[in-house]
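Student: Dropping a structure here in structure tokens format, bear with me for questions.
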Amino acid sequence: MLGTTFNVHNYADETVSSTTLLSGAIRVSAGGQTVTLEPGQQALLAAEGLEVARDADLGKVIAWKSGAFDFDNVSLQDAMREIARWYDIDVVYENGVPPIYFGGKLPRNISLNDLLAALEVSGVRFRIDGKNLS
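Counting from 1 along the sequence shown, just add 1077 to a position and that's the residue number in the working numbering.
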């Protein structure tokens, strides 16, 4: 059986593309390599090639489907890429990216202002100018 329930994460602003299998089986091919995934596995494609992660965090992978941002052990930069896509904003780091990591989940239907207020609790400082967050 090939292909049943899976998630593909592939964005131009990400360095790694991933395909995560939840149930069934799926084949992933890239750069002359082919892997067949089993449930709970994730194919990761980066500049170095295709590799398989055996124990993917399925809850994190499909959090979007249940209406959540899962920022558990996620860097500020990774969280802000997801936030920028969701709210259609541009994020600019004026003094580099601080080494901040988050823990927890937030609902995706939260307003941008409320989400940013939650980030401020973690020490993130910013200002909004139109579609730019800096």
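From the three backbone atoms N, C-alpha and C, an ideal C-beta is built for every residue, glycine too.
If you're wondering where the values come from, they're calculated on a predicted model, not measured in any experiment.
1. So within the stretch 1130-1169, which uninterrupted alpha helix (DSSP H) runs reach at least 4 residues, ignoring any that extend past its ends?
2. Is it buried or exposed, V1174, if we count other Cβ atoms within 10 angstroms and call 16 or more buried?
3. Between which two residues does the beta strand (DSSP E) carrying A1089 extend?
4. What does a CB cutoff of less than 7 angstroms around F1203 pick up in its chain, not counting 5 residues either side in sequence?
5. My output table needs one value for A1195: the three-state DSSP class, helix, strand or coil.
Tutor: From the atom records:
1. 1135-1138 and 1153-1164
2. exposed
3. Where A1089 is concerned, there is no enclosing beta strand (DSSP E), given that its DSSP letter is neither H nor E.
4. L1193, L1210 and S1211
5. helix
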